[in-house]
Ligand SMILES: Nc1ncnc2c1ncn2[C@@H]1O[C@H](COP(=O)(O)OP(=O)(O)OP(=O)(O)O)[C@@H](O)[C@H]1O
Ligand SMILES: [Mg+2]
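Numbering (the numbering used here), first residue to last: 67 to 499.
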């Protein structure tokens, strides 16, 4: 099934005006054909990657023969998923022959007498950093450029030494202090780069209903960035969409008959938090109670063994699917195993992905908290972005009053992240434990 879909010819909808500009800027009749490259930024799902990758290959195949190009994603895996997979389907309908040398991550694309190699790299993959150093490129496409380390960007651009080579960058916005905004977008004139800003209306394949659905999933700074396409700062409250009247429940709802989860943010001096998650009949995941112990406030530290005993009390009478623990607390996982909890696993700790997900689960009312979870509810009101880091272009939460917030994030990112099937996926294998 999957194979059939991924190899089918791409079904194009009419290109929008923006996409047409992106497809033609390098062509002989274009007034900007001598520019050194193009940047496309803006909203998610706005048709940047599809139009840019097709344009890139058409330009490369028209302008060069027997040379090398690079197509880069955040990782090789994401480049293959987001760029190469649709690209192969698009090229298929247009008379190009594509041979994928999978083990070398090279696509050889040919048509008539013209044949070029397109190397696939991941900006965050260490192996890519070494491999790209030795290569001479005639063109470079960076998909999701703002997610790559600056060092990879510098290395990759320095490889484009061939006369007539061009740079192709696309991304969603990050903070206004981000290096890609400051050093590339804001200096586009001196770098001789064209610039196109995309919104979801520039993708004519999206129905109004789908666009409305995307809009409804985001709020706050992420709405500004992913829907409005603005380079807006992560400032103030992280979960400004948290609303007591919607997300805090005074009375217990009816629960489904599925096993519960516990998430744990571990601390000795700092607070140690356990949250118990149960699924309500309306499929919301509700935190029904919390455990919150601060060694510092109580002037007494607890040992792993004591915490494991507290866990035993905390979950007594409950059917538990997994205990999902702070990944840095290996010793506590061992202590839990010793007590016979064979289902303790470490959490997925991708901070920003997790925060984005928690935010969108709040906006769409997929998670809630019983009113007895006082510390968790309080932390929603004090969990803020680090404004100094924001000036450097980094999105980092202030590491203060963040313990229950981490435990909330662990649950969402480990159990509810798209592609994870609750209760059936083998978390142990996934997280290598
Ligand atoms: N002209 C088109 N015809 C058919 N489908 C299209 C067209 N343009 C875009 N799409 C589809 O719309 C979706 C979003 O496009 P694309 O991935 O290029 O957006 P993007 O701006 O790169 O999004 P993101 O910022 O999330 O990476 C994809 O499923 C793509 O196949
Ligand atoms: Mg994209």
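Just so you know, even glycine gets a beta-carbon here, dropped at the ideal spot from N, CA and C.
Can you tell me which of the three DSSP states residue i falls into?
i, result
"residue 79", "coil"
"residue 463", "strand"
"residue 494", "Caution applies to residue 494, whose pLDDT of 40 falls short of 50 and renders its modelled position unreliable; the value that the coordinates give is listed next. Residue 494: helix per DSSP, three-state reduction."
"residue 359", "strand"
"residue 136", "strand"
"residue 284", "coil"
"residue 499", "Per-residue confidence for residue 499 stands at a pLDDT of 33, beneath the threshold of 50, marking its modelled position as unreliable; the derived number appears in the next sentence. Here residue 499 sits in coil by DSSP."
"residue 270", "coil"
"residue 308", "coil"
"residue 126", "helix"
"residue 113", "coil"
"residue 92", "coil"
"residue 141", "coil"
"residue 86", "helix"
"residue 344", "strand"
"residue 351", "strand"
"residue 451", "strand"
"residue 205", "strand"
"residue 303", "strand"
"residue 417", "helix"
"residue 98", "coil"
"residue 74", "coil"
Restricting to Cα atoms, I'd like to know which of the options is closest to residue i.
i, options, result
"residue 323", "343, 333 and 317", "343"
"residue 76", "116, 92 and 84", "116"
"residue 391", "218, 385 and 373", "373"
"residue 331", "194, 131, 377 and 312", "377"
"residue 425", "388, 457 and 472", "472"
"residue 388", "325, 362 and 280", "325"
"residue 455", "245, 336 and 407", "245"
"residue 217", "195, 230 and 206", "195"
"residue 219", "202, 427, 190 and 227", "190"
"residue 327", "402, 312 and 351", "351"
"residue 205", "106, 215 and 224", "224"
"residue 370", "184, 395 and 413", "395"
"residue 355", "427, 255, 109 and 340", "340"
"residue 361", "381, 338, 349 and 382", "338"
Below 6 Å, is the gap between the Cβ of residue i and the nearest heavy atom of ligand 1?
i, result
"residue 75", "no"
"residue 79", "yes"
"residue 112", "yes"
"residue 271", "yes"
"residue 238", "yes"
Does the distance between the C-beta of residue i and the nearest non-hydrogen atom of ligand 2 fall short of 6 Å?
i, result
"residue 154", "no"
"residue 115", "yes"
Within a Cβ cutoff of 6 Å, which residues of the same chain sit near residue i, ignoring the five residues on either side of it in sequence?
i, result
"residue 208", "138 and 235"
"residue 30", "In the structure as shown, the chain starts at 67 and stops at 499, and residue 30 therefore has no counterpart that could be examined."
"residue 187", "136, 138, 194 and 198"
"residue 211", "235, 237 and 246"
"residue 415", "393"
"residue 319", "346"
"residue 119", "149 and 153"
"residue 433", "351 and 427"
"residue 27", "Coverage of the chain is limited to positions 67 through 499, which leaves residue 27 absent and any answer about it impossible."
Since residue i sits in a beta bridge, which residues does DSSP pair it with?
i, result
"residue 238", "Its beta-bridge partners do not exist; DSSP assigns none."
"residue 388", "327"
"residue 185", "136 and 172"
"residue 107", "237 and 263"
"residue 226", "Per DSSP, none; premise fails for residue 226."
"residue 314", "435"
"residue 410", "389"
"residue 338", "359"
"residue 164", "175"
"residue 158", "Paired residues: none, contrary to the question."
"residue 232", "205"
"residue 424", "Looking at the DSSP assignment, residue 424 forms no beta bridge with any residue, so it has no partner."
"residue 398", "Answer by DSSP bridge pairing: none, since residue 398 is not bridged."
"residue 180", "177"
"residue 321", "346"
For residue i, which residues from the same chain have a beta carbon less than 8 Å from its beta carbon, with the 5 sequence-adjacent residues on both sides left out?
i, result
"residue 103", "232, 233, 234, 235, 257, 258, 259 and 260"
"residue 69", "Unreliable positioning characterises residue 69 in this predicted model, as indicated by a pLDDT of 45, which lies under 50. The coordinate reading is nonetheless provided below. No residues qualify anywhere along the chain."
"residue 490", "Here residue 490 scores only 33 on pLDDT, less than 50, and its place in the model should not be relied on; the value that follows carries that caveat. Cβ within range, chain order: n/a, list empty."
"residue 181", "131, 132, 174 and 175"
"residue 127", "162, 175, 177, 180 and 182"
If you measure from the beta carbon of residue i to each beta carbon in chain C, is any gap under 7 Å?
i, result
"residue 74", "In the displayed structure, chain C is absent; only one protein chain is listed."
So, for residue i: in the same chain, excluding its five sequence neighbours on each side, which residues have a beta-carbon less than 7 Å away from its beta-carbon?
i, result
"residue 300", "241, 287, 451, 456 and 461"
"residue 93", "99"
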